[in-house]
Every structure is written in C-alpha cells, then in structure tokens.
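Reminder that position 142 of the sequence shown reads as 661 in our numbering, one-by-one numbering, no gaps. Let me begin by presenting the structure, written as structure tokens, before commenting on it.
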Amino acid sequence: MTVHRVAVLALDGVTPLDLAIPTQIFTTRPETSYEVTLCALEAQVATTAGFALIAAGGLEQVRTADTVIVPGFEPILPLPDAALAALAETRDRGARVVSICTGAFALAAAGVLDGLHATTHWKHLDAFERDFPAVTVDRDVLYVDEGDVLTSAGVCCGIDLCLHIVRRDLGAEVANQIARGLVAAPHRDGGQAQYVPAPVAVAGEASLSGTREWALHRLGEPLTLRVLARHAGLSQRTFMRRFTEETGTTPLQWMLNARLGRARELLETTDRSVEQVARDCGLGTAANLRLHFRRALDTTPTAYRRTFTRSNSASTSRSPACSRGVPPL
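As structure tokens, this is what we get:
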C-alpha cells in the first residue's frame, strides 16, 4: 500500500487526550498504510496537563503530509503565524486538514474553514461563531465532514472523527477492527448536545454495554425493544431511558446503525448476495437494505461493494460520498 503520511500538529497548550486520539488511531498497523508523525513549532511542547512532549517533526513534515490534524489546545488565541501559514498551505495544496475539539480555532484562524461548515467543543461554540463569522457553525453534531476539511466536537468526538476517516479511506472492516482494539464504539449516533451538562445517571446503575454486546452477536435475529429490555432485566421504559442516556440515541436507531455497519463489513469481505447480506444483518430484504443504504450513505450496496472490496481498498486516496454532521454508520 502507498504510505499515507499523517502529521499531528501539536500547538503549545495541547490537550493530551486530543493528541493521543489521532496518534493511536493512525499508528502503523499491518492492515493500514498510515505513517504518523508528531509535529510542533519547537521540539518541546507544553500540554494542559502540566508536562511537556517532545515532537519528532516540525513544519517541514506538516507541509508534505497527506493529512494534517490539529488537536485541541489552550489558550485558544492568538496563534503563531508560522503555524497558520503552514495550515493554509496544506489546504491550498489539496491535502486533508482535520481538527479535534478546539483545534478548529487554528483551522479557522488560518482561513481553512472560510465558507464551510464546522464544529468545536460545545463550551466554545459561541466564541467560535463570534470570532469567525465566515464559518457556518454546526452545534449539534459529533463531527463535520466537508470532504478534505473535517472538524470534530469536544475531546472524545475526535475518536468518532478519526474512525470515520479510516472508514472513508479503508472501509468499515478496518475501522471496526481498530475500534475493537480501542474498546471504542465504531460509530456513535447523535449530537454533542447530549454532552451539555445534564443530570447524571443514578449512582450504582449498571451499564447496558453487556446487552449491546449481546445484541451485536445477534443482529440477524428479530431484536425488538421488548427482547433487549428483557435481556437487560429492565422494564421497557427504564431500558429506553437508560439506553438513551448511555448512547445518545434510541435502541432501535442504534440497532439500525449496527445492522448497517454489519452489512458494510459483509459487503466488503464476502461474496454473499445483497439479499443474503440483508438477511444476515437483520434488515430482511435487499429492497430494505438498499433503502437504508441510500438514506444513510447516498449509494447502493452494489456500488459500495465495488468501492470497498479487499482488492480495491489498498489506497487511502479514495473516499465515498461525504456528509455534514454525524454521518450514519
């Protein structure tokens, strides 16, 4: 596979978790072609956690990377002219530019987001909208995909965005493998409005992750709300409330996303007919699968298979139709 160079540009005051997300997801693996380099203006970078990092690369690597990612940082402004110039050059030469959390402030200050939709951490949305009127702010999404310019909301939404990028580049199977290694959800539905301060769950309530894991191994079965609630040992009303609190979406929408994800894996890795894939992932008929594929991905199962079969997934340069906001699984 052709090497895809990823430069993670750490600015002073970088948030360690924001930084760790892309360096972990894009680290070199046998099934990927990514080569990630931590870059900074100076060799030593201060973090918000009180310790410093040593960067292996500088702006030279940023200027030659295929993808440049800016993690969140504090203080947000002002920013070094050299960093802004490098980001503007990256965009001008057609490379992919990505931000996590408040990293969007750097992209906006460099003019990369002018005329585009973008998002950032919910705490900073008002300031972002005020400081960058040329950017259309999407407030209730986990991330925004504008093709070669992508932004995520706060902190852990960077996981969603980076897995989305892997899914675009290499398909659902590889993205799901990486997600499983991170013990992370391959895809979360819903917007970041669910993370604005709200009453916390009652102390002592057990997670429903066991039921979700159980359901993922039975996607081909008729899993109704009643069946899921029975497995969790809860009333349907309590199960619905707890499930929505934990995932930000309803059980039935979560099941649909999970089934679409399974369908994508089967289309990529097997030669089963579209009808068989629909049955195996629990969507019933080929017509139903086509309907949900069209709604979620703006493509057909057959076209998706042509794009992401094993023989065609070697290059990270190809991506299917992108969308604003949280794309379906």
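Note that CB positions come from ideal geometry on N, CA and C, so glycine has one too.
Asked: Beta-carbon separation of A751 and L742 under 7 Å?; Found: no
Asked: Specify, as a first and last residue, the run of the alpha helix (DSSP H) that A605 falls within.; Found: 600-611
Asked: Please classify T804: does DSSP put it in a helix, a strand, or coil?; Found: coil
Asked: State the Cα-Cα distance for the pair A627 and F651, rounded to the nearest angstrom.; Found: 7 Å
Asked: For A777 and L603, what's the separation of their Cα atoms in angstroms?; Found: 39 Å
Asked: Could you tell me which of L560, A529, D537, V525 sits nearest to F545, measuring between CA atoms?; Found: V525
Asked: Please classify A855: is it buried, with 16 or more other beta-carbons within 10 angstroms of its beta-carbon, or exposed?; Found: Outside the modelled stretch of the chain, which goes from 520 to 848, sits residue 855, for which no answer is possible.
Asked: Tell me the residue span of the beta strand (DSSP E) that contains H523.; Found: 523-528
Asked: Examine the ligand MN and report whether any of its heavy atoms sits within less than 6 Å of the Cβ of H811.; Found: The ligand MN is not part of the structure shown, which contains no ligands of any sort.
Asked: On the DSSP letters alone, give me the boundaries of the alpha helix (DSSP H) that E665 sits inside.; Found: Counting along the chain, E665 falls outside any alpha helix (DSSP H), and DSSP gives it neither H nor E.
Asked: How about the region 531-538 and the region 615-623: do they share at least three Cβ pairs that are nearer than 8 Å?; Found: yes
Asked: What residue range does the beta strand (DSSP E) around L557 cover?; Found: 553-558
Asked: Is the Cβ-Cβ distance between P771 and Q755 less than 7 Å?; Found: Note that residue 771 corresponds to Leu in the displayed sequence, not to Pro. No. Outside cutoff.
Asked: D667 and R582 look like a contact to me (Cβ under 8 Å); what is the Cβ gap, rounded to whole Å?; Found: Actually they do not touch by this definition, with Cβ atoms about 16 Å apart.
Asked: For G634, does the three-state DSSP call read helix, strand or coil?; Found: coil
Asked: What separation, rounded to the nearest whole angstrom, lies between the Cα atoms of G634 and E665?; Found: 11 Å
Asked: Quick one: what's F592 bridged to in DSSP?; Found: V533
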